[in-house]
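**Q**
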Amino acid sequence: MSSTWIDLSNLKKPLRFNEFSVNFNTDLYNAKPLPSDIQKKLDEKWNELLNDAKQGRILYNESKFRLHSIETRTNDNNNSIQLILNLGLTDYKSFICTQQQSLPDDIRQHIKEDHLSHPLGVGCLLITSDDYIVLIKRSSACIDLPNMYDIPGGHAEPRNLTTYSKENIIEEIISSTIAECVDETNVDRNSLLIDSFFFVIAVVRNQPQYGRPAIEFCLRTSMTSNELQQRYDLQTHIEANETSELKFWPLDKISHLLNSSQTFLSITPACHVALTTYLQLRTKANNEYVQKNNSTNCLTVDEEAMVLRYYELQLKDFCEKFEPPMTKMAIAVCMQYFKRFYLNNSVMDYHPKDIYLICVYLTCKTEELRIPITDFLSNIKNSSNLDQTADILLSYELLLIEKLNFQLVIHTAYRPFEGLIIDLK
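Be aware that the sequence shown starts at 4, since it is given in the working numbering, and climbs by one per residue.
1) Within the region 353-401, note down every full beta strand (DSSP E) run reaching 3 residues or more, in order along the chain.
2) Buried or exposed: which applies to Asp153, given that a residue is buried once 16 or more other Cβ atoms fall within 10 Å of its Cβ?
3) Round the Cβ separation of Leu138 and Cys274 to the nearest angstrom and send it over; I've been treating them as touching at under 8 Å.
4) According to DSSP, simplified to helix, strand and coil, what is Ile146?
5) Please report the distance separating the alpha-carbon of Arg285 from that of Ile146.
6) The alpha helix (DSSP H) that contains Pro328, what's its start and end?
7) If you run the structure through DSSP and keep just helix, strand and coil, what is Leu123?
8) Taking a contact to mean a Cβ-Cβ separation below 8 Å, would you say Ile84 touches Thr77 in this structure?
9) Could you pull out every residue in the same chain whose Cβ sits closer than 7 Å to the Cβ of Tyr417, ignoring the five residues on either side in sequence?
10) Using beta-carbon positions only, say whether Phe325 and Asn382 come within less than 8 Å of one another.
11) In three-state DSSP terms, what is Pro269?
12) Tell me, please, whether the region 123-130 touches the region 214-226 by the rule of three or more beta-carbon pairs shorter than 8 Å.
13) So, under 8 Å CB-CB, Leu222 and Leu195 are touching, yes? Tell me the CB distance rounded to an integer number of Å.
14) Indicate, with yes or no, if the ligand ZN has a heavy atom lying under 7 Å from the CB of Val350.
15) Name the two residues that bound the continuous alpha helix (DSSP H) containing Gln233.
16) Using CA atoms only, rank isn't needed, just tell me which of Ser168, Val207, Thr224, Phe201 is closest to Thr188.
17) Which of the three DSSP states is assigned to His275 in this structure?
18) Quick check on Glu219: does DSSP put it in helix, strand or coil?
19) Taking the alpha carbon of Ala308 as the reference point, which residue from Lys319, Leu346, Gly156 has its own alpha carbon closest?
20) Per DSSP, what kind of secondary structure is Ala159 in: helix, strand or coil?
21) Can you pull the DSSP bridge partners for Trp252?
22) Return the bridge partner residues of Trp8 from the DSSP annotation.
23) Short of 8 Å in beta carbon distance, which residues of its chain neighbour Asp117, apart from the five on each side in sequence? Order them along the chain.
24) Less than 7 Å between C-beta atoms, sequence neighbours within five positions excluded: which residues of the same chain meet that for Ser5?
25) Looking at the secondary structure, which residues open and close the alpha helix (DSSP H) in which Phe98 lies?
26) Going by the beta-carbon positions, is the gap between Lys67 and Pro161 smaller than 8 Å?
27) Answer yes or no: do Ser24 and Lys169 have a C-beta to C-beta separation smaller than 8 Å?
28) For Gln209, count neighbouring Cβ atoms within 10 angstroms of its own Cβ and tell me buried if that reaches 16, exposed if not.
29) Work out the CA separation of Thr415 and Arg312 for me, nearest whole Å.
30) Could you tell me the distance, in whole angstroms, from the CA atom of Thr29 to the CA atom of Gln233?
31) Is it buried or exposed for Met226, if we count other Cβ within 10 angstroms and need 16 for buried?
32) For the beta strand (DSSP E) containing Phe68, name the first residue and the last one.
33) Return helix, strand or coil for Gln339, following the three-state DSSP convention.
34) Could you tell me which residues DSSP puts in a beta bridge with Gly91?
35) Counting along the chain, where does the beta strand (DSSP E) carrying Phe2 start and finish?
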């Protein structure tokens, strides 16, 4: 992780988006007031920024949640971790004046940790369905890090809440994260995979900005990068003026983006820490999966081919002894179903002794060998439980069709000749 950031959460794995909680207390977690003379000077600094003549500058004051500290609790039953954010209230003006702007020493020396604004930011690593990270280029009108590439993000807004209950604050943090993705990229809200791929990956502080905090999420969309670019180009999103372009970066080349010598892009510190954390968690998860499913528990390519060859012979033998007799055409179709199924599936996931029977059962339908399931089961001589076999046939028939991409017509070698004979008749 970038040395300019501190990861407060130090998560071992991503948390579901709702696996965090908050303690809200303005008495305990608000910033302490500054001496009146120092506050007056900061107010003057703020007014200077507001009166800046730069055309189109985006700067306004709003209330924010202040992150005082975090706690982690472990559930002994399932070893899961819950993050708890200790929150108070602050505003954007206080952040700009105490943490974002360079101040003279005679002012800075009076601003201690308890005086700092620490507004809780939200950031989201948005990933497209074709595995690209979505980066936004911040507008030149932004007072904070203009013209740099960033991930969608902003702040949760206390003004959206009528009461500061724990549930309302959590919902605001989550909904504001989603809203920032929509408002800054124009991604379709309905395409966001909130229920299946929406995680907390870190809670961090930016050291150069005196510990500015942010909670970083990761979220997928079912849209492709091309589809998202087309929607962005419509410029119909709410915060279109805050960004100037989208950039899509391959998910498997995150390390290149983090290496300044391998890319021309200038990314924000928040973007850097989110990408670094995601890469670390992803690498760790992949390594754990490989170790858990090591080669001693899996078949080699040659072993799998040997198993398939054995069951191909079993399938051929079953078809040749089938009653009523199957045509050579039907046997060929059945064999093709079996081979095509295992082009994209493994015998370790689907046992061939079940699949080859389902292939025969499906072939009886596609080749118009009309046979009741009871008669079909009478051909199975070595099954100890025919009722269970019947359940497998009926339950997995649709699975087989789906795995064959619903392409059930097999053009065997005899098919054209058979068609010619039919025409001659």
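Built from N, CA and C at the ideal position, the CB exists for glycine as well.
**A** Quick answer:
1) none
2) Taking the first residue of the sequence shown as position 1, residue 153 is located at position 150. Buried, by the Cβ-count rule.
3) Translated into the one-based positions of the sequence shown, residue 138 becomes position 135. Translated into the one-based positions of the sequence shown, residue 274 becomes position 271. Indeed, because the Cβ distance is near 7 Å, the residues count as touching under 8 Å.
4) Locating residue 146 in the sequence shown gives position 143, where the first residue counts as 1. Three-state result, Ile146: coil.
5) Indexing the sequence shown from 1 puts residue 285 at position 282. Indexing the sequence shown from 1 puts residue 146 at position 143. Going from the Cα of Arg285 to the Cα of Ile146 covers about 33 Å.
6) By 1-based counting over the sequence shown, the position of residue 328 is 325. Counting along the chain, Pro328 falls outside any alpha helix (DSSP H), and DSSP gives it neither H nor E.
7) Position 120 of the sequence shown, counted from the first residue, corresponds to residue 123. Note: Leu123 maps to coil in three-state DSSP.
8) Your numbering for residue 84 matches position 81 in the sequence shown. Your numbering for residue 77 matches position 74 in the sequence shown. Result yes, Cβ atoms of Ile84 and Thr77 sit closer than 8 Å.
9) One-based indexing of the sequence shown puts residue 417 at position 414. The residues are Met332.
10) Working through the sequence shown from its first residue, we reach residue 325 at position 322. Working through the sequence shown from its first residue, we reach residue 382 at position 379. Contact: yes.
11) Against the sequence shown, residue 269 aligns to sequence position 266. With the sequence shown as reference, residue 269 is identified as Ser, and Pro is not the correct amino acid for it. If DSSP states are grouped into helix, strand and coil, Ser269 belongs with coil.
12) yes
13) Here residue 222 is taken as the residue at index 219 of the sequence shown, counted from 1. Here residue 195 is taken as the residue at index 192 of the sequence shown, counted from 1. 6 Å between Cβ atoms; contact.
14) With respect to the ligand ZN, the structure shown offers nothing to examine, as it has no ligands at all.
15) The residue given as residue 233 occupies position 230 in the sequence shown. First-last of the alpha helix (DSSP H) with Gln233: 228-236.
16) As a working note, residue 188 is residue 185 in the sequence shown. Among Ser168, Val207, Thr224, Phe201, the Cα nearest to that of Thr188 is on Thr224.
17) Looking up residue 275 in the sequence shown gives position 272. His275 falls in the helix class under three-state DSSP.
18) For the purposes of this step, residue 219 is identified with residue 216 of the sequence shown, where counting begins at 1. Note: Glu219 maps to strand in three-state DSSP.
19) Start at 1 with the first residue of the sequence shown, and residue 308 comes out as number 305. Among Lys319, Leu346, Gly156, the Cα nearest to that of Ala308 belongs to Leu346.
20) The count along the sequence shown starts at 1 and reaches residue 159 at position 156. Of the three classes helix, strand and coil, the one that applies to Ala159 here is coil, per DSSP.
21) Start at 1 with the first residue of the sequence shown, and residue 252 comes out as number 249. Ile136.
22) Stepping through the sequence shown from its first residue, residue 8 is reached at position 5. Answer is Asn209, bridged to Trp8.
23) The sequence position of residue 117 within the sequence shown is 114, counting from 1. So the qualifying residues of the chain are Ala34, Lys35.
24) Taking the sequence shown and counting its residues from 1, one reaches residue 5 at position 2. Annotation note: pLDDT 47 at Ser5 (below 50); position unreliable, coordinate value reported separately. Cβ neighbours of Ser5 beyond the five flanking positions: Pro272, His275, Val276, Thr279.
25) Residue 98 sits at position 95 when you count from the first residue of the sequence shown. It spans 95-98 - the alpha helix (DSSP H) in which Phe98 sits, taken as one unbroken run.
26) Stepping through the sequence shown from its first residue, residue 67 is reached at position 64. Stepping through the sequence shown from its first residue, residue 161 is reached at position 158. It is a contact, given that the beta carbons lie within the stated cut-off.
27) The residue you call residue 24 lines up with position 21 of the sequence shown. The residue you call residue 169 lines up with position 166 of the sequence shown. Yes, Cβ-Cβ distance for Ser24 and Lys169 is below 8 Å.
28) To locate residue 209, count along the sequence shown from 1; it is residue 206. What sits at residue 209 in the sequence shown is Asn, not Gln. When all chains shown are included, Asn209 counts as buried.
29) The residue labelled residue 312 in the question sits at position 309 within the sequence shown. The residue labelled residue 415 in the question sits at position 412 within the sequence shown. Going from the Cα of Arg312 to the Cα of Thr415 covers about 20 Å.
30) Indexing the sequence shown from 1 puts residue 29 at position 26. Indexing the sequence shown from 1 puts residue 233 at position 230. Straight-line Cα distance between these residues: approximately 44 Å.
31) Within the sequence shown, the letter at position 223 stands for residue 226. By the neighbour-count rule (16 or more Cβ atoms within 10 Å), Met226 is buried.
32) Residue mapping note: residue 68 aligns to position 65 of the sequence shown, counting from 1. Unbroken beta strand (DSSP E) run through Phe68: 66-78.
33) The residue given as residue 339 occupies position 336 in the sequence shown. Helix, per DSSP.
34) For this step, residue 91 is matched to residue 88 along the sequence shown. Bridge partners of Gly91: Arg69.
35) Since the first residue of the chain shown is 4 and the last is 428, residue 2 is not available in this structure.
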